[in-house]
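Shown next, in structure tokens, is the structure this report addresses.
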Amino acid sequence: MSKMHVTTTVNGDTVEFLADPRETLLDSLRDQLGLTGTKEGCGTGDCGACSVRLDGTLVCSCLVLGVEADGKRIDTIEGMSEDGALHPLQRKFIEHAALQCGFCTPGILIAAKALLEENSNPTEEEVRYWLAGNLCRCTGYDKIIRAVMDAAAELRQEAA
Amino acid sequence: MAKDEFKEYRLVGTRPDRPDGLDKVTGRARYGADMSAPGMLWAAVVRSPHAHAKILKIDASKAEALDGVKAVVTRADFPTGLTGEEWNLQENTMAGEKALYDGHAVAAVAATSKLLAEEAARLIEVEYEVLPHVIDVDDAIKPDAPVIREGAANASVPEGMPPNVVQYLDFGRGDIEAGFAEADLVSEKTYKTEATHQGYIEPHACLGQLGEDGKGEMWVCTQGQWFIRKMCSDVLGLDTAQLRVTPSEIGGGFGGKTTIFMEPLSLALSRKAGGKPVKLVMSRSEVLRATGPTASASMDVKIGMKKDGTITAARAEFRMQGGAFPGSPVDMALYCCFAPYKLENVQHIGYDVLANRPKCAAYRAPGSPMGAFAVESLLDEMCRELGVDPMEMRLKNAVVEGDTASYGPKYGSIGLVETLEATKAHPNLKAELGPNQGRGMASGYWFNHNGETSVSLAISEDGTAQVSIGTPDIGGSRASIALMTAETLGIPYEDVRVNVVETGALGVNEPTHGSRATFASGKAAVIAAGQAIKEMCKRAANEWGIDPEAVEWADGAAQPAGPNAGKFPPMTIAEIAGKMGSTGGPISGHHESVPEGVGASFGCHVVDVEVDPETGHVKILRYLVVQDAGRAIHPSYVEGQYQGGAAQGIGWALNEAYIYDENGKLQNSVFLDYRVPVASDLPMIDTVIVEVPNPGHPYGVRGVGETGITPPLPAIANAIQAATGARLHDLPMSPPKVLAAIKAMG
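Quick note, the sequences are listed as chains A and B, same order.
Position 137, counted from 1, in the first sequence is what the UniProt record's numbering calls 137; the numbers after and before it change by one each time, with no gaps.
Position 73, counted from 1, in the second sequence is what the UniProt record's numbering calls 73; the numbers after and before it change by one each time, with no gaps.
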């Protein structure tokens, strides 16, 4: 099957690649662009490890085709810290020991950032339901929820 | 260390950032599937769609005709003549004469792209003769069950046993019948648990390369790089030392990544493709169909109890299937199930049974959760019948140091009573319960483990230290080992770098399993640091012109041991290290052993549930984990182990199960259908770290990873009865089953 030319913006940089029309955005990111921070846990949109933003919308990149990224903006975990400074969510995850193996962490951070942009003051229940599409098998979620709530509090303080 | 000599340390017991935290929140950490190599091929595996079938013919000609397909392998590409567990591993990696379960690998292909490899795999034609199959353990143990494999039974199995029984256990002590005769109440019930999967979010992945000369390399997500090296070498007939295995970061294992599944296929394909590196990454469906779930179990338990709660005798008869190969953890289930109780009269019977399912692998405290489900459930039912408080029953029968365990050995220092007392004192036990709500409690046990361990430590030129360990870091063990090393050397935590190294860098290490990493690699690192300290004291003594015995190490510096040693200012680690080249060369330490002094760990969980009487849905309202850690080196990661274990146990109790259709085909091989707990299913999980130091470890460590998955299964069953009056004897306690149990009461 002949490949298609894709031009897209990833973490602020314009990139081009040739995508097999059957290839997922997840595979394009990982195998074409070398951005392996986005993980595959299931390939069926059930685990959230491959979460990225597509024109700002939170998506499972395993359910998007690489060619669909043409002309769009993609944000991945590799672009989450700015100018060497970690995003408060990233810092709080380390501080709260909110990761054990760390494999689900990139997807959870991307999803949590999308939540806090939409709702700066979520309740514990709102965080739990927002992250219900991101599986973590190590932590039992306790420290993840605390880290997200704490990052939200810090961001609110910064904004005030 | 006696229980009352509880030391305060400078670093041990603090909560610094983990050394690998930054890499893991930025996406930089490299896991199994994140590595590529120049000239790399991608592999895909052809798997049996049948539960049990004779393989008549494999035709790969259409696949091989595709442009870009570089190699196809079948069992014919593997050496013959293997026996025992080596044969089992080879047979599980690639089916020989028969496919033994739905998902069993029958062929593999390597091609220039992932999509091409998948397309080629679909073109490989396999002709099967479907055979009768058996899935359930109670069916598999019947005398007329389909025979999975002739001659698989070991010497423990007496003549005349059903054909799928491959191991038989019978052990105990005392007079079991006399014990039951003393009891005021004797109860006997049957309990069943379904197979569940470890459910690590990272699928198995490896990048293997093997040349015509038998030299190879592998990058792989694993709990144990030496196990991978040995097992791949055995299966492929290689010299072990010629294979170099580098562990990637690991996206969860829970026991499931202590063995091989598809790793030899990448090496076999590489060799056939002229030594090109071959990357093989499993899909989630492959993970669920063909990698180690745990065993399913059918268990009869009989217990005698006096009116005051004293247990007079106990008997367990467990049947477990661990797939189409020997190795279900029926032995460990039996060892653990009565471990919290003083028993004079006890009998254990076990059957390891073959069935047409994937080869089971270790899963967090292998066997212990099933046994606990049966025993802790029955004890709760009996307490209810006799009107005995379940906590008082546990305290009355609790084992203490010096007692003989139900399974034979004498307990050293243990903290069961302390754990139960801490549970009793927790405010969760006083929380008010509303309608349809109930509270349940259960205990759990894990031995903890030592295993072959080899660690090297080297002081750098600036006085910082590197530690090379062989146990992959799954949940923060780099942090705990850095803390203990820095504590011992008297230097800042940040001055220690802990590296998980490849097989070429150390002697053989067992995997990160059995809750051993912080105990065993940690103990070895402390001993190695002690050797480096001794050498640094010697260097200082030489410089000062005094006897090395007159130098002691304190606060990261060599110091004269007393006024008689002479008056010298402390010589810091940086000063000594800076001169190492002219004072005798590199300064290092190395320790290898199977470290003695393992300390067992008991836990007690208390759960409050609310049961919806209309749907049977069970909601977890509160959850408490209390467990003896010995000493918590980094308390946050100890809590993390407790919480993670509890969450897995909750999933096992309420949702998770392998579901097969009438053809023996797995029906729920994606995460949508194999539903693990999600964030909205759980409350915060409260933890209490009990610290009864293990005298066998320099900082008192016991090991914390496994006990926590054990109590949730029975604790939730006990809570459901408290809430509804209905008793569930089968897992999972899913809404339809809970509803049926409520309705059955009328």
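C-beta: ideal position from N, C-alpha, C; glycine also.
Owing to the predicted nature of the structure, the values given are computational and were not obtained by experimental measurement.
Cα atoms of His513/B and Gly255/B: separation of roughly 6 Å, rounded to the nearest angstrom.
Among the residues of the segment 473-500 of chain B, those with a Cβ less than 8 Å away from any Cβ of chain A are Ile474, Gly475 and Gly476, in the order of the chain. If you draw a straight line from the Cα of Leu185/B to the Cα of Gly415/B, it is about 29 Å long. Taken in chain order, the unbroken stretches of alpha helix (DSSP H) that lie wholly in the segment 76-139 of chain A and span 4 residues or more are 88-95, 105-118 and 124-130. Pairing Gly645/B with Phe602/B, the inter-Cα distance amounts to about 13 Å. Taking 8 Å as the CB threshold, Ile546/B stays off the interface with chain A.
Non-local C-beta neighbours of Pro548/B in its own chain, meaning closer than 7 Å and more than five positions away in sequence, comprise Cys537, Lys538 and Ala541, ordered along the chain.
The beta carbon of Gly211/B sits closer than 6 Å to those of Gly275, all from its chain and outside the five residues before and after it, given in chain order. When secondary structure is reduced to three states using DSSP, Thr258/B falls in the coil class, being assigned neither helix nor strand. The beta-carbon separation of Pro16/B and Arg478/B, rounded to 11 Å, does not stay under the 8 Å limit for a contact.
In summary, the residues of the segment 279-299 of chain B whose CB is separated from some CB of chain A by less than 7 Å are Ser283 and Arg284, in the order they occur in the chain.
Val618/B sits away from His426/B, with the two beta carbons spaced by 8 Å or more. Secondary structure of Gln667/B (DSSP, three-state): coil.
Per DSSP, reduced to three states, the secondary structure at Glu381/B is helical. For His5/A, the number of other beta carbons within 10 angstroms of its own is below 16, and it is reported as exposed. Interface flag for Thr453/B against chain A is unset, since no Cβ pair is found closer than 8 Å.
Excluding its 5 nearest sequence neighbours in each direction, Cys60/A has C-beta neighbours in its own chain below 7 Å: Gly45, Gly48, Cys50 and Ser51, listed in chain order. With three or more CB-CB distances shorter than 8 Å, the segment 239-258 of chain B counts as touching the segment 216-230 of chain B.
Distances from the alpha-carbon of Pro586/B to those of Ser460/B, Trp446/B, Arg702/B and Ala574/B put Ser460/B closest. Of all residues in the segment 55-81 of chain A, only Thr76, Ile77, Glu78, Met80 and Ser81 place a beta-carbon less than 8 Å from a beta-carbon of chain B. Here DSSP, grouped into helix, strand and coil, assigns Lys98/B to strand.
Lys62/B counts as exposed, since fewer than 16 other C-beta atoms from the protein chains shown sit within 10 angstroms of its C-beta. Within the segment 312-338 of chain B, contact with chain A at the beta-carbon level (separation under 8 Å) is assigned to no residue.
Counting other Cβ atoms within 10 Å of its Cβ, Gly84/A stays below 16 and is therefore classed as exposed. Nearest C-alpha to Ile349/B among Arg364/B, Ala333/B, Tyr200/B and Ala653/B: Ala333/B. Listed as beta-bridge partners of His348/B by DSSP are Phe171/B and Ala316/B. For Val670/B, the C-beta contacts it makes with chain A under 7 Å involve Cys42, Thr44 and Asp46, in order along the chain. If the five residues before and after Asp139/B are omitted, its C-beta is found closer than 7 Å to the C-beta atoms of Ala145, all from its own chain and listed in chain order. Straight across, the Cα-Cα distance linking Glu510/B with Ala241/B is about 16 Å. The C-alpha of Met149/A lies about 42 Å from the C-alpha of Glu452/B. Only residues of its own chain outside the window of five on either side were considered, and among them Ser48, Ile55, Arg75, His104, Ala105 and Val106 have a CB closer than 8 Å to the CB of Ala95/B, listed in chain order. For Gln627/B, the closest Cβ of chain A is not nearer than 8 Å. Within the same chain, Pro277 and Lys279 come within 6 Å of Met40/B by CB-CB distance, once the 5 residues on both sides are set aside. Look at Thr222/B: its C-beta is not under 8 Å from any C-beta on chain A. In the three-state scheme derived from DSSP, where H, G and I count as helix and E and B as strand, Cys42/A is classed as coil. Taking the CA atoms as reference points, Leu672/B sits about 57 Å from Lys534/B.
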